[in-house]
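There are 2 protein chains.
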Amino acid sequence: MKNIYNHFFYTNNTKVFEFTITKQSNRSQARLGIVNTPHGSLETPAFIFCATKADIKGVTMDHVIGAETQIILSNTYHLMIQPGSELVQKAGGLHKFMGWNGPIFTDSGGFQIFSLGYGNVEAEVKGSCLHRFKKSILKINEEGARFRSYKDGSTVLLTPETSMQIQHELGSDIIVAFDECTPFNVDKKYTMNSMRRSKRWGLRCIEQMKQYEESGHALLSVIQGGVYEDLRRESVEFANENQFSGFAIGGSLGKTKEQMHDIVQMTSAMLDKSKYVHLLGIGGISDIFNGVECGLDTFDCVSPTRIARHGIAIVKKSESINGKDNININNAMFRELFRPIDESCGCYTCQNYTFAYIHHLLKAKELLAGTLVSIHNIYTMNRLMREIRQGIAEDNLDDIKKEWV
Amino acid sequence: MKNIYNHFFYTNNTKVFEFTITKQSNRSQARLGIVNTPHGSLETPAFIFCATKADIKGVTMDHVIGAETQIILSNTYHLMIQPGSELVQKAGGLHKFMGWNGPIFTDSGGFQIFSLGYGNVEAEVKGSCLHRFKKSILKINEEGARFRSYKDGSTVLLTPETSMQIQHELGSDIIVAFDECTPFNVDKKYTMNSMRRSKRWGLRCIEQMKQYEESGHALLSVIQGGVYEDLRRESVEFANENQFSGFAIGGSLGKTKEQMHDIVQMTSAMLDKSKYVHLLGIGGISDIFNGVECGLDTFDCVSPTRIARHGIAIVKKSESINGKDNININNAMFRELFRPIDESCGCYTCQNYTFAYIHHLLKAKELLAGTLVSIHNIYTMNRLMREIRQGIAEDNLDDIKKEWV
Chain A
5 MKNIYNHFFY
15 TNNTKVFEFT
25 ITKQSNRSQA
35 RLGIVNTPHG
45 SLETPAFIFC
55 ATKADIKGVT
65 MDHVIGAETQ
75 IILSNTYHLM
85 IQPGSELVQK
95 AGGLHKFMGW
105 NGPIFTDSGG
115 FQIFSLGYGN
125 VEAEVKGSCL
135 HRFKKSILKI
145 NEEGARFRSY
155 KDGSTVLLTP
165 ETSMQIQHEL
175 GSDIIVAFDE
185 CTPFNVDKKY
195 TMNSMRRSKR
205 WGLRCIEQMK
215 QYEESGHALL
225 SVIQGGVYED
235 LRRESVEFAN
245 ENQFSGFAIG
255 GSLGKTKEQM
265 HDIVQMTSAM
275 LDKSKYVHLL
285 GIGGISDIFN
295 GVECGLDTFD
305 CVSPTRIARH
315 GIAIVKKSES
325 INGKDNININ
335 NAMFRELFRP
345 IDESCGCYTC
355 QNYTFAYIHH
365 LLKAKELLAG
375 TLVSIHNIYT
385 MNRLMREIRQ
395 GIAEDNLDDI
405 KKEWV
Chain B
5 MKNIYNHFFY
15 TNNTKVFEFT
25 ITKQSNRSQA
35 RLGIVNTPHG
45 SLETPAFIFC
55 ATKADIKGVT
65 MDHVIGAETQ
75 IILSNTYHLM
85 IQPGSELVQK
95 AGGLHKFMGW
105 NGPIFTDSGG
115 FQIFSLGYGN
125 VEAEVKGSCL
135 HRFKKSILKI
145 NEEGARFRSY
155 KDGSTVLLTP
165 ETSMQIQHEL
175 GSDIIVAFDE
185 CTPFNVDKKY
195 TMNSMRRSKR
205 WGLRCIEQMK
215 QYEESGHALL
225 SVIQGGVYED
235 LRRESVEFAN
245 ENQFSGFAIG
255 GSLGKTKEQM
265 HDIVQMTSAM
275 LDKSKYVHLL
285 GIGGISDIFN
295 GVECGLDTFD
305 CVSPTRIARH
315 GIAIVKKSES
325 INGKDNININ
335 NAMFRELFRP
345 IDESCGCYTC
355 QNYTFAYIHH
365 LLKAKELLAG
375 TLVSIHNIYT
385 MNRLMREIRQ
395 GIAEDNLDDI
405 KKEWV
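Chains A and B, in that order, are what the protein sequence lines are.
Residues 5 to 409 (my numbering) make up the first sequence, in order.
Residues 5 to 409 (my numbering) make up the second sequence, in order.
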């Protein structure tokens, strides 16, 4: 069995957030960077994995580290309700609580509150406009958002101030300003008013964060404005003009992949690119290449681990047994295939197990299947980002892209 | 994070099964032994962990090894149906298939077939006489047992010959003869006739195993006879007189713990104790001490990992926070307890996590809770057996027992 402990070690040069561009490509906006945080540094472009409730579902932290993970994301909304940020603070912060010593990114809580409020914003943001979830939002006004806890039905108020306080208590390294994530199915007027309120909330976040200055957190401004260029511009101008550590592009990115790329490109082009830029909730491989070419630095998405739990492996296309960038291991063709998911992959799963074994575990409904594929998918996303960084460093990102997309 | 790879390595001195008693206690029947198998050796007394469907539920194999596991058990019945023993053989055997290089014990398939046939034999063997499960057994006769597959409803015939063949194809190191596991709620006549048929089946198993001699498997005779001393004696005499590598005490052990200990003691006393003796399906800590004192060498039970998935940790009583040998981490008292399950425990979970974190994962319904407690329980059972061996070696088993029971 391969020793999985040959991972890199975090350097911790600074106790504050600091972003340095180490190379600017001259073929696109793509760049290499180093993000220093109070809990070590990461090389960008990088992928951020979702540890929503203070764990990456089904994967022990040694395997998260063994899969060369640089940074993980936890959700303010979930953790404020269970176990509560005061408890996490008492535990010595999220890093100590969940056994992760590297950088942690937290979202503001806005996305989940509004997704529960309007129905499924995740689907709406992506244009499919489903309304499957019970409304839990009670009121949004200038003060903040009042909603029902999914845990016990009690009323909870989240404001710019409490969102900052909670993220500070969690001990996050990269904090996102409290915003309303406007869904796809609202009109331009709603999008404009919401974005302007998010700007006012952004100023309150900056003010609140002054109390926590010694903790060295980064504060990112969320760029809203939906699919409207003038509103995106207004949101970008606000972000550029104020004391944020960087930016997170959020909100509705349109109905199609083309529209998404247009909006990302347009928004990114207007941003002060000396600062760090994150793209919220996007994790498709082609979307990541497009984002990198627009100069984006990090990406997050639940999909690598979520699809893994359904038996779908992410693979480098040039190495893929089916010529695609994903493989559904439930398929009967894998019943007797005694080779790893990807012969070129160095992950724990590919070093030790075959398609046939994982297919068996899926058929036998053993949850270990999801764990093994999650480990593979985390490693593969980290490998993708490593190869992207190499492509930028060696000016051959297009060749790397051809191997993956 | 602690490196979990500081485990022992398997020695592989012999390519056949061999049992050596290295010390016989003069205070009880307890003894120390070494079991050599085609896949390395184990020190006895030892606990055998259940990898029913070719995995220990929710635990990656590196953590199984890291928890100092010596030997695991897989189930003939489950694996013959999914994925099938031919497929496992094509994969290079169960060891290669599931990434475990140490000794493997397989049961005969009898227990599950009859438990599905009569209702829940596990409950019946333990005296609770439940009949919750649909009958799937179609016919038991001299030839063998015909039953319906739980997977697709097809008819499957299991005979002494096919049970041996399947266990051979799986590549098991320690094979159990095909028997009927008589439940608690049958009368003495049924128990006698069944035990006598199991004897005839035992001879057919010996005959069939001659084909696989070069593989070095052990073949254990199962001691049946229910709660009846004369029938146990008859079963033991048969086992002693024939060419088995060792014994597995099975069948109904009565309704109470006292009755179980009486039957185990009476049965064990009659066995040829130069050979290896296993006790099937028993894993309570006090039961293990009693079994060891009767001269038993190994024990298996699903309970350490099953209760773990419900958030119940096994602990050394002298180190336990509640003074008991098990702790239900769902309990609200653990919400803010920032210390490991057992301060004296060297497992991955105790080295990295607190009660509060595991309690949070249980409340948040995160499956990782079950994984972390499973790792702890496996380590603790292995630690129990290590301390028992030390107690036998140093003639202070009673002192060790006081710390655990």
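We put the CB at the ideal spot given by N, CA and C, even for glycine.
**OP:** Name, going along the chain, the residues of the region 369 to 400 of chain B whose beta-carbon falls closer than 7 Å to a beta-carbon of chain A.
**Re:** Residues of the region 369 to 400 of chain B with a C-beta less than 7 Å from any C-beta of chain A: Glu370, Leu371, Leu372 and Thr375, listed in chain order.
**OP:** State the DSSP-derived secondary structure class of Asp329(A), mapped to helix, strand or coil.
**Re:** coil
Original post:
Between Val409(A) and Tyr232(A), what straight-line distance do the alpha-carbon atoms span, to the nearest angstrom?
Top reply: 29 Å
Subject >> Pick from Leu371(B), Val377(B) and Lys405(B) that is closest to Ile60(A), judged by C-alpha positions >> reply: Leu371(B)
Original post:
Closest Cβ-Cβ distance between Ala410(B) and chain A: below 9 Å?
Top reply: Here chain B has residues from 5 to 409 only, and residue 410(B) is not among them.
**OP:** Count the other C-beta atoms from every protein chain shown that fall within 10 angstroms of the C-beta of Ala71(B), then say buried if there are 16 or more, exposed otherwise.
**Re:** buried
**OP:** Could you please give the first and the last residue of the uninterrupted alpha helix (DSSP H) stretch that includes Ser78(A)?
**Re:** It is not in any alpha helix (DSSP H) - Ser78(A) instead sits in the beta strand (DSSP E) that spans Ile76 to Ser78.
**OP:** Return no unless some Cβ of chain A is closer than 9 Å to the Cβ of Glu173(B).
**Re:** no
Subject >> Within the region 37 to 123 of chain A, ranges of the alpha helix (DSSP H) (whole runs, at least 4 residues) >> reply: 65 to 70, 80 to 85, 89 to 94, 98 to 102 and 114 to 122
Original post:
Whole-angstrom Cβ separation of Pro49(A) and Val296(A), contact assumed at under 8 Å?
Top reply: 5 Å
**OP:** Could you please give the first and the last residue of the uninterrupted alpha helix (DSSP H) stretch that includes Glu174(B)?
**Re:** The residue asked about is misnamed: residue 174(B) is Leu in this sequence, not Glu. From DSSP, the alpha helix (DSSP H) with Leu174(B) extends over Pro164 to Leu174.
Original post:
Is it right to say Lys27(B) is buried, meaning 16 or more other beta carbons lie within 10 angstroms of its own, or is it exposed?
Top reply: exposed
Original post:
Which bits of chain E does Glu340(B) rub up against, with CB to CB less than 8 Å?
Top reply: Of the protein chains in the structure, A and B, none is chain E.
Original post:
So is Thr358(A) in contact with chain B if we call contact Cβ pairs under 9 Å?
Top reply: Answer yes: the Cβ-Cβ gap between Thr358(A) and chain B drops below 9 Å somewhere.
Subject >> Close Cβ partners of Gln93(A) (< 6 Å) along its chain, the five nearest in sequence each way excluded >> reply: Glu173
Subject >> Bridge-paired residues (DSSP) for Thr302(A) >> reply: Ala50(A) and His282(A)
Original post:
Taking the alpha carbon of Gly113(B) as the point to measure from, which residue in Gly62(B), His380(B), Arg237(B) and Gly148(B) has its own alpha carbon closest?
Top reply: Gly148(B)
Original post:
For Lys143(A), which of Gly288(A), Gly395(A), Ile117(A) and His282(A) has the nearest alpha-carbon?
Top reply: Nearest of Gly288(A), Gly395(A), Ile117(A) and His282(A) to Lys143(A), Cα basis: Ile117(A).
Original post:
Using DSSP with H/G/I as helix, E/B as strand and the rest coil, what is Ala397(A)?
Top reply: helix
Original post:
Skipping 5 residues on each side, what residues in its chain have a beta carbon closer than 6 Å to that of Met385(B)?
Top reply: Phe51 and Pro308
Original post:
The beta strand (DSSP E) with Phe251(A) in it runs from where to where?
Top reply: Gly250 to Ile253
Original post:
Would DSSP call Ala34(B) helix, strand or coil?
Top reply: coil
Original post:
At which residue ranges does the region 305 to 365 of chain A contain complete alpha helix (DSSP H) runs of 4 or more residues, listed in the order of the chain?
Top reply: Taken in chain order, the unbroken stretches of alpha helix (DSSP H) that lie wholly in the region 305 to 365 of chain A and span 4 residues or more are 307 to 313 and 352 to 356.
Subject >> chain B residues whose Cβ lies nearer than 7 Å to that of Tyr280(A) >> reply: Under the 7 Å cutoff, chain B gives no residues; its nearest Cβ is about 27 Å from Tyr280(A).
**OP:** Hey, could you find the ends of the alpha helix (DSSP H) Thr186(B) is sitting in?
**Re:** Note, Thr186(B): premise wrong, no alpha helix (DSSP H); not H, not E.
Original post:
Apart from the five residues just before and just after Glu90(A), which ones in its own chain have a Cβ nearer than 8 Å to its Cβ?
Top reply: Glu173
**OP:** Find out if the Cβ-Cβ distance for the pair Thr163(A), Arg152(A) is shorter than 9 Å.
**Re:** no
**OP:** For Val129(B), decide whether its Cβ has a neighbour in chain A, counting only Cβ atoms nearer than 9 Å.
**Re:** Confidence at Val129(B) is low in this model, with a pLDDT of 48, below 50, so the placement of that residue should be treated as unreliable; the coordinate-derived value is given next. Taking Cβ atoms only, chain A never reaches closer than 9 Å to Val129(B), which makes this a no.
Original post:
Which residues mark the beginning and the end of the beta strand (DSSP E) in which Lys143(B) is found?
Top reply: Ile141 to Ile144
**OP:** Go ahead and label Asn294(A) buried or exposed: buried means 16 or more other beta carbons lie within 10 angstroms of its beta carbon, across all protein chains shown.
**Re:** buried
Original post:
Using a Cβ-Cβ cut-off of 8 Å (strictly less than) and excluding sequence neighbours within five positions of Gln348(B), which residues of its own chain qualify?
Top reply: The amino acid at residue 348(B) is misidentified as Gln; the sequence shows Ser. Lys320 and Glu323, listed in sequence order.
Subject >> Whole-angstrom distance between Glu262(B) and Asn16(B), CA atom to CA atom >> reply: Confidence in Asn16(B) is poor, its pLDDT being 43 and thus under 50, which makes the residue's placement too unreliable to answer from.
Subject >> Interfacial residues, the region 72 to 88 of chain A to chain B, with Cβ spacing under 8 Å >> reply: His82, Gln86 and Pro87
**OP:** Taking Gly285(B) and Asp304(B) to be in contact with their CB atoms under 8 Å, please state how far apart those CB atoms are, rounded to whole angstroms.
**Re:** Between Asp304(B) and Gly285(B) the Cβ distance is about 7 Å, and since that is below 8 Å, they are a contact.
**OP:** From the DSSP output, read off the bridge partner residues of Leu224(A).
**Re:** Val180(A) and Gly250(A)
**OP:** Starting from the C-beta of Arg343(B), find all residues in its chain whose C-beta is less than 7 Å away, skip the five residues before and the five after it, and write them out in chain order.
**Re:** Thr358 and Phe359
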